[in-house]
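Colleague:
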Amino acid sequence: MKTLIATALSALITATAAPALAGGVTINLNNVQARPGQLLVALQTEGQCASGAFGERVDNPAAGTTTVVFHDVPPGDYAVFALHDEDGNGEMTMRGQMPAEGWSTYHADQLRGAPTFAQVKFTVPASGPVNLTLPMVYFF
Numbered sequence: 000m001k002t003l004i005a006t007a008l009s010a011l012i013t014a015t016a017a018p019a020l021a022g023g024v025t026i027n028l029n030n031v032q033a034r035p036g037q038l039l040v041a042l043q044t045e046g047q048c049a050s051g052a053f054g055e056r057v058d059n060p061a062a063g064t065t066t067v068v069f070h071d072v073p074p075g076d077y078a079v080f081a082l083h084d085e086d087g088n089g090e091m092t093m094r095g096q097m098p099a100e101g102w103s104t105y106h107a108d109q110l111r112g113a114p115t116f117a118q119v120k121f122t123v124p125a126s127g128p129v130n131l132t133l134p135m136v137y138f139f
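Letter 51 of the sequence shown, counting from 1, is numbered 50 in numbering that gives the first Met the number 0, and no numbers are missing.
1) From the DSSP output, which residues share a beta bridge with Gln-37?
2) Look up Ala-78 in the DSSP assignment and give the residues it is bridged to.
3) How should Pro-60 be labelled, buried or exposed, when 16 other C-beta atoms within 10 angstroms of its C-beta is the threshold for buried?
4) Helix, strand or coil for Phe-116 per DSSP?
5) Which residues does DSSP list as the beta-bridge partners of Arg-94?
6) Compute the beta-carbon to beta-carbon distance between Leu-38 and Val-57, rounded to the nearest angstrom, for a pair I have assumed lies under 8 Å.
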């Protein structure tokens, strides 16, 4: 009986102490317009949210759907931001109060102002990949 309990406890401790597996996050950006510049895509934690740091870059994206994959992403909450940086300045250019360049984020269709992390976050689970499809938004 002691051996059975010791074995069960050992298995429980080992399972609890095992590191969380990293997964992949695939971002499919729909409605990309064939415009000059770069498509900048960021996968950010709450501490990095809207920091202007981008992880993936697609030069001169074609019209249609562009797919970006982030590998080995640890489990947790993240936000994704995409910017079609037409003028190459690395930040969103505004025309009045509206973005002059294409952009996207999770739940973009529900936003009525600058996004907060809580509004646009999604969860990467401990196992399995995440696939998101986001529409690019162009106002001009």
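Even for Gly, the Cβ is constructed at its ideal location relative to N, Cα and C.
Modeller: Quick look at the numbers:
1) For this step, residue 37 is matched to residue 38 along the sequence shown. BP columns for Gln-37 point to Asp-58 and Asp-84.
2) Taking the first residue of the sequence shown as position 1, residue 78 is located at position 79. Per DSSP, Gln-43.
3) Along the sequence shown, read from residue 1 onward, the residue named residue 60 stands at position 61. Buried, since its Cβ has 16 or more Cβ neighbours within 10 Å.
4) One-based indexing of the sequence shown puts residue 116 at position 117. In the structure shown, Phe-116 sits in a helix (DSSP, three-state: H, G or I).
5) By one-based count along the sequence shown, residue 94 stands at place 95. Per DSSP, Met-97.
6) The residue labelled residue 38 in the question sits at position 39 within the sequence shown. The residue labelled residue 57 in the question sits at position 58 within the sequence shown. Contact holds; Cβ gap of about 4 Å.
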